[in-house]
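Residue numbers (our numbering): 3 to 228. The block underneath contains the structure these notes are about, expressed in structure tokens.
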């Protein structure tokens, strides 16, 4: 061991963590049996992280109680096409819309949550209108969302409050969207293609009337973690 320890100190210098975007390195200060004291010269480790070194390369993983590594937070962007049928006072109308939604949130491995905001341009019924909405998002992941897991099935829900203006009347809307989806990290360890499909519940009020409806809804977007 007295011969092995100095050799290890001299031969093992820096390595790249596959779950981090930047290089990290350490120096082995003391070795005793299967235990070692190391001094970090760059980068950082997280509690619960397991580091494996071999063949000049390194990999890392996290225990179930650890953090999500480089997937701690996320931002998302999604384009959406909608066809909405709303019944107000027994009168039905259908509008089509093109929208853009943005999300920002936090990843807690099996749970992800955050805020969502969006804008949708609608046409139909002889007039155009604009929807603005803001609210919250929540996903429950059946597989922990951590580096190394490249396919994650989830169930989720969005709830937003918004306003519609520019048409014959101005209205307020409440949307609740339970859905099932899949996150596929086909573009790298930090960027997922997010597919989802569900049923949106829509409540509309204003203009002297109120109404509600349900509609199937799906979408595809990108979600980047950091």
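C-beta: ideal position from N, C-alpha, C; glycine also. Since this is a predicted model, take the numbers as computed values, not measurements.
The Cβ-Cβ distance between residue 223 and residue 80 falls below 7 Å.
Taking C-alpha positions only, residue 202 is separated from residue 171 by approximately 22 Å. Per DSSP, reduced to three states, the secondary structure at residue 73 is helical. Residue 133 is classed as buried because its beta carbon has at least 16 other beta carbons within 10 Å across all chains shown. Annotation: residue 83 to residue 30 spans about 56 Å, alpha carbon to alpha carbon. The beta carbon of residue 117 lies closer than 8 Å to those of 105, 106, 107, 136, 137, 138, 139 in the same chain, with the five residues before and after it left out. Between residue 173 and residue 131, the alpha-carbon positions lie close to 10 Å from each other.
Beyond the five residues adjoining it in sequence on each side, residue 194 comes within less than 7 Å, by CB distance, of 185, 186, 187, 225 in the same chain, given in chain order.
Per DSSP, residue 166 is one residue of the beta strand (DSSP E) stretching across 153-167. Assigned with DSSP and collapsed to three states, residue 124 falls in strand.
Per the coordinates, the alpha-carbon of residue 40 lies some 9 Å from the alpha-carbon of residue 33. With distances taken between CA atoms, residue 112 lies nearest to 146 out of 151, 146, 216, 155.
Non-local beta-carbon contacts of residue 200 in its own chain, meaning distances under 7 Å to residues more than five positions away in sequence, involve 179, 180, 181, 182, 219 in chain order. Between residue 124 and residue 162, the C-beta gap is not smaller than 7 Å, which leaves the two residues out of contact. Residue nearest to residue 206 within the set 216, 76, 75 is 216 (criterion: CA-CA distance). Looking at the DSSP output, residue 197 shares a beta bridge with 184, 222. The criterion of a C-beta distance shorter than 7 Å is satisfied by residue 143 and residue 154. For residue 111, the three-state secondary structure derived from DSSP is coil. The Cβ neighbour count for residue 141, taken over all protein chains shown within 10 Å, is at least 16; the residue is labelled buried. For residue 191, no beta strand (DSSP E) run applies, since DSSP gives it neither H nor E. For residue 177, the pairing in a beta bridge is given by DSSP as 162, 204. Taken through DSSP and simplified to helix, strand or coil, residue 228 comes out as coil. Contact annotation: residue 101 and residue 86 have beta-carbon atoms that are not nearer than 7 Å. Annotated three-state conformation of residue 80 is strand, per DSSP.
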